[in-house]
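Asks:
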Ligand SMILES: NCc1[nH]cc(CCC(=O)O)c1CC(=O)O
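Numbering (our numbering), first residue to last: 59 to 368.
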């Protein structure tokens with residue numbers, strides 16, 4: 059067993075909470091091992107004034123950590139699984155995917171509380187195309203305002219930018235103890251989460267057998283299977299994270315069920331579908347559902363989207 063493990067993390071409050079959480083689990087399990095945290099800055103942390111959809115590129119929040127891991131500077135990195143590209147760099151693996159308790163999205167609207175009660179043309183802040191499309195699908199009258207920055211910045215903007223509501227992941231708010239701000243958890247038929255939302259990913263070197271063995275206890279197999287299916291779906295559809303798709307996988311009793319949606323950014327064109335299969339075939343299930351949805355209108359929606367971007 060290793061005597062010391064170095065965890066790389068971003069410096070945002072959420073990233074630090076996640077890294078400290080994993081560090082605490084490791085210290086409890088291996089009291090004799092030194093667990094160190096190393097703060098790093100990623101491209102996604104540096105560019106704060108541009109909507110994520112416009113920056114493009116994959117792994118904005120992971121690349122610098124991965125370079126440090128490959129060079130041996132750190133042994134593992136803790137990420138929100140949602141921020142991880144579907145393909146990892148050569149030499150790195152997902153050592154563990156943690157139990158996912160809160161996959162959903164939350165509405166924070168101190169004044170109106172729920173989506174139904176928002177007045178016509180209400181200003182709702184979100185920087186995610188996925189949330190924007192699904193909101194507009196349910197409420198075409200809403201005004202969507204771009205909202206970037208860390209969780210605390212976004213919460214502040216609710217007041218400073220004069221917004222009627224903002225949308226954030228339930229998981230992030232819970233982790234930081236800010237869930238008392240949540241006024242509604244959006245139901246799945248209104249808003250499906252992003253691929254991997256709510257789960258933590260522990261990344262390590264594929265050839266570092268000792269570290270991999272030490273991290274195994276952090277893995278929650280049903281969450282890993284469910285998110286494997288989600289990630290295979292995403293890889294088949296496109297690969298990037300800034301397209302208006304929502305997908306949620308649930309594993310149990312040897313089966314995985316995927317619910318997914320592909321939408322145009324204005325929420326007017328919609329393809330929804332669901333598929334259940336055996337847990338052993340989780341990635342295949344994701345790919346099958348993606349192909350089926352692309353063939354039944356999804357491809358046209360995405361083609362138009364990429365045309366707009368050009
Ligand atoms: N895109 C940033 C990000 N990455 C992970 C989370 C929340 C935690 C999670 O989904 O695991 C958030 C904030 C948000 O989307 O509200």
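We treat Cβ as the ideally placed atom computed from N, Cα and C, and that holds for glycine.
Can you tell me whether residue 167 sits near ligand 1, meaning its C-beta is under 8 Å from at least one heavy atom of the ligand?
Replies: no
Asks: Enumerate, from N- to C-terminal direction, the unbroken beta strand (DSSP E) stretches of 3 or more residues contained entirely within the region 273 to 317.
Replies: 303 to 310
Asks: Rounded to whole angstroms, what is the Cα-Cα separation between residue 60 and residue 350?
Replies: 46 Å
Asks: To the nearest angstrom, how far is it from the Cα of residue 149 to the Cα of residue 79?
Replies: 25 Å
Asks: Between residue 250 and chain C, is there a C-beta pair that is closer than 9 Å?
Replies: The chain inventory of the structure shown lacks chain C, comprising one protein chain alone.
Asks: Could you name the residues of the same chain whose beta carbon sits closer than 6 Å to that of residue 180, not counting the 5 residues immediately before and after it, in chain order?
Replies: 200, 222
Asks: For residue 187, verify whether its CB is less than 8 Å away from any heavy atom of ligand 1.
Replies: no
Asks: In whole angstroms, give me the CA-to-CA distance for residue 143 and residue 285.
Replies: 12 Å
Asks: According to the neighbour-count rule (16 or more other Cβ atoms, all chains shown, within 10 Å of its Cβ), is residue 299 buried or exposed?
Replies: Caution applies to residue 299, whose pLDDT of 47 falls short of 50 and renders its modelled position unreliable; the value that the coordinates give is listed next. Buried, because 16 or more other Cβ atoms sit within 10 Å of the Cβ of residue 299.
Asks: Consider the C-beta atom of residue 153 and the heavy atoms of ligand 1; say whether any pair is separated by less than 8 Å.
Replies: no
Asks: Run the CB neighbour count on residue 153, radius 10 Å, all protein chains shown included, and call it buried at 16 or more, exposed below.
Replies: buried
Asks: As a quick exercise: from 232, 296, 94, pick the residue whose alpha carbon is nearest that of residue 356.
Replies: 296
Asks: Whose C-beta lies closer than 6 Å to the C-beta of residue 345 among residues of the same chain, with five residues either side of it excluded?
Replies: 290, 294
Asks: Leaving aside the five residues before and after residue 73 along the sequence, list all residues of the same chain whose C-beta is less than 6 Å from its C-beta, in chain order.
Replies: 67.
Asks: Note down, in chain order, each residue of its chain lying with its Cβ closer than 7 Å to the Cβ of residue 369, except the 5 sequence neighbours on either side.
Replies: Lying outside 59 to 368, the shown extent of the chain, residue 369 is not represented and no answer is given.
Asks: Residue 242 bridges to which residues according to DSSP?
Replies: According to DSSP, residue 242 bridges with 165.
Asks: Can you tell me whether DSSP reads residue 266 as helix, strand or coil?
Replies: Collapsing the DSSP output to three states places residue 266 in coil.
Asks: Give me the Cα-Cα distance between residue 328 and residue 186, rounded to the nearest whole angstrom.
Replies: 17 Å
Asks: Can you check whether the CB of residue 248 is closer than 9 Å to the CB of residue 240?
Replies: no
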